[in-house]
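K.L.:
Residue numbers 454 to 598, in our numbering, belong to the letters of the sequence shown in order. Ideal placement from N, C-alpha and C gives every residue a C-beta, glycine not left out. Pasting a structure here, questions to come.
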Amino acid sequence: MTRSYYFSFAVAVTSLLFGATGWTQAGVESLRGEQAVDQTSTAPAAAEVKSDFAPIAKSFEQQPPLIPHDIEDFEVTLSKNDCLGCHSPDKVKDSGAKAISATHYMDRDGKPTKGLAARRTFCTQCHVPQVDAKPLVDNTFKAAK
């Protein structure tokens with residue numbers, strides 16, 4: 454009984470001493486600003502996709518290319534992918550678009566597939582439209598050389 458009492462007391466004291474440190478940490482700021490998490494807030498206006506500026510360079514070698522045009526009305530589902538209308542290998546000559554990478558026609562083991570690999574069906578999981586927008590947070594990322 455005495456042993457469990459001392460253990461419980463030690464846990465309570467430790468919790469009081471170290472558990473409150475999260476409340477005192479300065480510098481943590483929500484992207485919602487002063488808006489409480491349980492309250493509805495208005496979404497910020499979406500940045501306009503601009504096609505009239507040069508493609509933004511990649512920050513690192515394996516970065517998926519950004520999409521240099523608007524895709525608001527594009528349908529990308531299991532049964533239909535509007536991106537393939539310009540970017541599939543048989544359409545790039547006529548469209549002038551960049552061809553889909555050969556890696557998108559391989560399974561996860563690197564073996565070629567007959568068509569677009571199932572894991573590469575949803576383009577916008579990795580590729581996003583380029584916009585001229587102010588970053589939401591400071592970014593100190595530096596690419597490895």
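Identify every run of the alpha helix (DSSP H) within the stretch 464-532, keeping only runs that are complete inside it and at least 4 residues long; order them along the chain.
P.N.:
474-477
K.L.:
Can you check DSSP and say which residues form a bridge with Val584?
P.N.:
As a first step, residue 584 must be located in the sequence shown, where it is residue number 131. BP columns for Val584 point to Val502.
K.L.:
Cβ atoms of Ala500 and Val584: under 8 Å apart, would you say?
P.N.:
For this step, residue 584 is matched to residue 131 along the sequence shown. For this step, residue 500 is matched to residue 47 along the sequence shown. It is a contact, given that the beta carbons lie within the stated cut-off.
K.L.:
Nearest to Cys579 by CA position, among Val481, Pro542, Val529 and Ser541, is which residue?
P.N.:
By 1-based counting over the sequence shown, the position of residue 579 is 126. Minimum Cα distance to Cys579 is reached at Val529.
K.L.:
What residues in its chain sit with their C-beta under 6 Å from that of Asp560, if we drop five residues either side in the sequence?
P.N.:
Position 107 of the sequence shown, counting from 1, holds the residue named residue 560. Only Thr566 and Ala570 meet the Cβ criterion.
K.L.:
Closer than 8 Å by C-beta to Lys511: which residues in its own chain qualify, once you throw out the five before and the five after it? Chain order, please.
P.N.:
If you number the sequence shown from 1, residue 511 lands on position 58. Leaving aside the five residues that flank Lys511 on each side, the residues in its chain whose CB is nearer than 8 Å to its CB run, in chain order, Pro518.
K.L.:
With 16 other CB atoms within 10 Å as the buried threshold, where does Ile509 fall?
P.N.:
Here residue 509 refers to the residue found at position 56 of the sequence shown. The residue is exposed, with fewer than 16 neighbouring Cβ atoms inside 10 Å.
K.L.:
Does the separation of the CB atoms of Ile553 and His540 fall below 8 Å?
P.N.:
Numbered from its first residue, the sequence shown carries residue 553 at position 100. Numbered from its first residue, the sequence shown carries residue 540 at position 87. Result yes, Cβ atoms of Ile553 and His540 sit closer than 8 Å.
K.L.:
May I have the straight-line CA-CA distance separating Lys544 from Leu537, to the nearest angstrom?
P.N.:
One-based indexing of the sequence shown puts residue 544 at position 91. One-based indexing of the sequence shown puts residue 537 at position 84. The alpha-carbon atoms of Lys544 and Leu537 are separated by roughly 8 Å.
K.L.:
Relative to the C-alpha of Asp526, which candidate in Val502, Thr593 and His557 has its C-alpha closest?
P.N.:
As a position in the sequence shown, residue 526 is number 73, starting the count at 1. The shortest Cα separation from Asp526 among Val502, Thr593 and His557 belongs to Val502.
K.L.:
Do Asn534 and Thr577 have their CB atoms nearer than 8 Å?
P.N.:
Locating residue 534 in the sequence shown gives position 81, where the first residue counts as 1. Locating residue 577 in the sequence shown gives position 124, where the first residue counts as 1. It is not a contact, given that the beta carbons lie outside the stated cut-off.
K.L.:
Please identify the residue among Glu482, Leu484, Lys551 and Asp547 whose C-alpha is closest to the C-alpha of Ile520.
P.N.:
Counted from its first residue, the sequence shown places residue 520 at position 67. Out of Glu482, Leu484, Lys551 and Asp547, Lys551 has the C-alpha closest to the C-alpha of Ile520.
K.L.:
Tell me the rounded alpha-carbon separation between Lys595 and Ala496.
P.N.:
As a working mapping, residue 595 is identified with position 142 in the sequence shown. As a working mapping, residue 496 is identified with position 43 in the sequence shown. Taking the straight line joining both Cα atoms gives about 30 Å.
K.L.:
Thinking just about the alpha-carbon of each residue, which of Thr556, Glu487 and Asp491 is nearest to the one in Gln515?
P.N.:
For the purposes of this step, residue 515 is taken as the residue at position 62 of the sequence shown. It is Thr556 whose Cα lies nearest to the Cα of Gln515.
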